[in-house]
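> 4 is the number of the first residue of the sequence shown in our numbering; add one for each residue after it. Here a beta-carbon is modelled for each residue, glycine too, at the ideal position from N, C-alpha and C. Everything numeric in this text was worked out from a predicted model, so none of it was measured. This is the structure I have questions about; it appears just below.
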Amino acid sequence: MTAPHDSVSASPDTTALLAPRSCADLFVSFTVLALQGFGGVAAVAQRELVERKRWMTNPQFVEEWAVAQIMPGPNIVNLALMLGARHFGLRGALSALAGMLSAPLLVLLVLAWLHAQYASHPAVAGALRGMGAVAAGLVMGTGLKLLASLKGNPLHPAQRLLLGAACFVAIAWLRWPLVWVLLGLGGLGWALAWSGLARRELSAASAKRAR
């Protein structure tokens, strides 16, 4: 007698993780990802790497995206290099990088030529403004989708809210350089997280001794 089938699909955080089959798989996957990343690349990367490929969980994606933001260069390129190097070393990193840059470079050259020819046309200008609004919506939607990955975060919910609000004010209102926001608020977040983990370990040790 077989066990009843669970009709609720597992989330990306609970399903077994998969791995790229080869360097060619990395190349093709990141080529497909790059060709979809018109403005909202974080949203596309989360869908492709977490939900479709299942190469990482949502918490892993959040953590590695944060690392990619701190590193110099485009965030998605940094993430591709890290993921490729993890599975196939230097060959994997170069394969993922080639996938990110080869086909999109050709598309970029064609679009740049078309933009130079037709940028002054009112319909083209309106279409570009509309695409900007869609890209902003994609980024916001991805941020909301990834909020669930903060459940096990060592920071108190109030601390997370304050750090998020401070980051928004610093970037959107005060227009501070991103590097200083990352160093300042990122460093503060690291210190608070380290303190929270230390308290969590101390509480666990105390509970173990009490038994």
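Using the beta-carbon count (16 or more within 10 Å), is W183 buried or exposed?
Burial call: exposed.
> Can you give me the Cβ contacts of A106 inside the same chain, cut-off strictly under 8 Å, excluding the 5 residues immediately before and after it?
T34, A37, L38, listed in sequence order.
> Does the structure place the stretch 20 to 34 close enough to the stretch 79 to 97 that three or more beta carbon pairs sit under 8 Å?
The stretch 79 to 97 vs the stretch 20 to 34: in contact.
> Is there contact between the stretch 75 to 88 and the stretch 156 to 174, where contact requires at least three CB pairs shorter than 8 Å?
Contact between the stretch 75 to 88 and the stretch 156 to 174 is absent, because fewer than three Cβ pairs lie under 8 Å.
> Assuming contact is defined by CB atoms lying nearer than 8 Å, are A46 and V113 in contact in what I supplied?
Result no, Cβ atoms of A46 and V113 do not sit closer than 8 Å.
> Measuring straight from C-alpha to C-alpha, what distance separates A196 and N156?
Roughly 8 Å separates the two Cα atoms.
> L104 and K56: beta carbons closer than 8 Å?
Going by C-beta atoms, L104 is not nearer than 8 Å to K56.
> Residues in the same chain with beta-carbon distance under 7 Å from A101, minus the five sequence neighbours each way, listed in chain order, please.
For A101, where only same-chain residues beyond five positions count, the Cβ hits under 7 Å are F30.
> Does the structure place the stretch 187 to 207 close enough to the stretch 158 to 172 that three or more beta carbon pairs sit under 8 Å?
Yes, they touch.
> Please identify the residue among M85, Q72, A201 whose C-alpha is closest to the C-alpha of L158.
Nearest C-alpha to L158: A201.
> How is P157 classed by DSSP in three states: helix, strand or coil?
Note: P157 maps to coil in three-state DSSP.
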